[in-house]
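Numbering-wise (UniProt numbering), the sequence shown opens with residue 1 and increments by one.
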Amino acid sequence: MIDAIDLSENKAGWKKYGRPEVEGYSKKKLKGVVDRPLRSTLLKNVKYARDAAFESNAVSTALHSEEAGFLQPENELEKTHQASQSFLQSVAGSQAASRAAFSLDLHATQLGPYQARYSNN
């Protein structure tokens with residue numbers, strides 16, 4: 001069981017994603033609740049809220065750790081919509097190309113034939 005919410009781990013994450021209604025709850029404060037199932041449910045909810053706040057902060061820092069880039073044409077006649085993913089990988093360098101590990105080849109026969117039917121409707 002948890003004794004109290006330890007905010008020293010990640011104060012920024014708790015400040016941004018934490019729920020203020022469960023911030024002050026601890027095992028001692030919930031000792032006054034006589035109903036045992038209710039008390040255990042409240043303690044679980046406090047734990048879930050704390051874990052969710054810290055996970056949300058970890059995910060947001062991992063996703064937003066790099067600066068976003070954009071395409072900038074050299075002259076006004078150059079169109080950026082003509083740049084393909086393979087062209088961008090070759091220009092970006094080996095480090096960026098190694099991060100883009102996912103590729104889907106619909107003509108590959110190794111995993112099975114992929115087909116799709118579609119209409120304009």
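Backbone N, C-alpha and C fix where the C-beta goes; we use that ideal spot for every residue, glycine too.
Since this is a predicted model, take the numbers as computed values, not measurements.
Going by C-alpha positions, Asn45 is about 12 Å away from Lys27. DSSP places Leu43 within a helical segment (H, G or I) once states are collapsed to three. According to the DSSP assignment, Ala92 belongs to the alpha helix (DSSP H) that extends over Gln85 to Ala92. Leu71 is a Cβ neighbour of Thr80, given a cutoff of 8 Å. A distance below 8 Å between beta-carbons, with the five flanking residues on each side excluded, links Ala52 to the following residues of its chain, in chain order: Tyr17. In the three-state DSSP reduction, Gly32 falls in the helix class (H, G or I). Annotated three-state conformation of Gln72 is coil, per DSSP.
With respect to Val33, Leu42 sits close: the two C-beta atoms are nearer than 8 Å.
With fewer than 16 other Cβ atoms inside 10 Å of its own Cβ, Tyr48 counts as exposed. In chain order, Leu71 place their CB closer than 8 Å to the CB of Ala83, counting only its own chain and leaving out the 5 sequence neighbours on each side.
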